[in-house]
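A.B. asks: In numbering that gives the first Met the number 0, the protein residues as written are 0 to 186.
Even for Gly, the Cβ is constructed at its ideal location relative to N, Cα and C.
Structure below; questions to follow.
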Amino acid sequence: MEFFPELELGWLNGWLPLAVFYLVFGLMMAIFSRQVVDRLYDLPKFEGRAKLVAKVGRVIAVLLVYGLLIFSPLKMGDPVFVIGGIVYLLGFVGMVWALITYRQTPLDQPVVAGLYRISRHPQVVGLMLMFLGCCLAVGSWLLVLAWVLLVFINHLRTVAEEQLCLAQYGESYQAYMDKVARYLLFF
């Protein structure tokens, strides 16, 4: 691992695993009903500070993480590439599984099946694992630090999202929050 990655434009750079995921994600969104896709993107009706946090998070993701990953070669053959690949695949499988569960849940109910039984936000966990896997696969401490900042901002966004779910689903969501950890076995 090095602090700052060597930057060069190439096909085997850190953007490639994320591009694979976003291709699969796009196909899933094309297959899902319009109502499911609308529900997926409807929830974040943030206001005030939460809206600012969501926007700052997107800027950091685009500039720091995506920006550096586009120009950072994967460390093929290096142990960090293997470790990063495993972390990425765990996140990828978790994210796809969470999206399928999300699709199967009736629109008027909170999603509480599948991975949602062990995490209230398996999509966030999956996405953050994919980002971390990519950061490790290029062997950059700077990208890992940017990932930590992204995790913190996503946490603030997640807390705001839970307030919206509480307002929408009431006591049933509170009972779910009391029973299931926010991320995995912690928080």
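Runs of 4 residues minimum, wholly inside the stretch 0-75: which ones carry the alpha helix (DSSP H) assignment?
C.D. replies: 14-30, 33-41, 47-59, 66-70
A.B. asks: Where does serine 171 sit, in a helix, a strand or coil, going by DSSP?
C.D. replies: Of the three classes helix, strand and coil, the one that applies to serine 171 here is helix, per DSSP.
A.B. asks: Please give the ranges of any alpha helix (DSSP H) in the stretch 112-183, keeping only runs that are unbroken, at least 4 residues long and fully inside the region.
C.D. replies: As summarised for the stretch 112-183, the continuous alpha helix (DSSP H) elements at least 4 residues long and confined to that stretch are 121-136, 140-168, 170-178, given in chain order.
A.B. asks: Based on Cα-Cα distance, which residue from Leu114, Leu73, Glu7 lies nearest to tyrosine 101?
C.D. replies: Leu114
A.B. asks: What are the boundary residues of the alpha helix (DSSP H) that includes glutamine 103?
C.D. replies: 78-103
A.B. asks: Give every residue of the same chain whose Cβ lies closer than 8 Å to the Cβ of phenylalanine 2, excluding the five residues on either side of it in the sequence, and list them in chain order.
C.D. replies: Excluding the 5 residues flanking it on each side, phenylalanine 2 has same chain C-beta neighbours closer than 8 Å at Ser139, Trp140, Leu141, in chain order.
A.B. asks: Evaluate arginine 57 with the Cβ neighbour count: other Cβ atoms within 10 Å of its Cβ, from every protein chain shown; 16 or more gives buried, anything less gives exposed.
C.D. replies: exposed
A.B. asks: Under 7 Å between the Cβ atoms of methionine 129 and tyrosine 87?
C.D. replies: yes
A.B. asks: With the cut-off set at 7 Å, would you say leucine 73 and valine 150 are in Cβ contact?
C.D. replies: no
A.B. asks: Taking a contact to mean a Cβ-Cβ separation below 7 Å, would you say valine 143 touches cysteine 134 in this structure?
C.D. replies: yes
A.B. asks: Keeping to the same chain, check which residues put their C-beta closer than 6 Å to that of arginine 119; ignore five residues upstream and five downstream.
C.D. replies: Val179, Arg181
A.B. asks: Select from Leu98, Ala112, Tyr175 the residue whose C-alpha is nearest the C-alpha of tyrosine 21.
C.D. replies: Leu98
A.B. asks: Taking all protein chains shown into account, decide if glycine 169 is buried (16 or more other Cβ within 10 angstroms of its Cβ) or exposed.
C.D. replies: Burial call: exposed.
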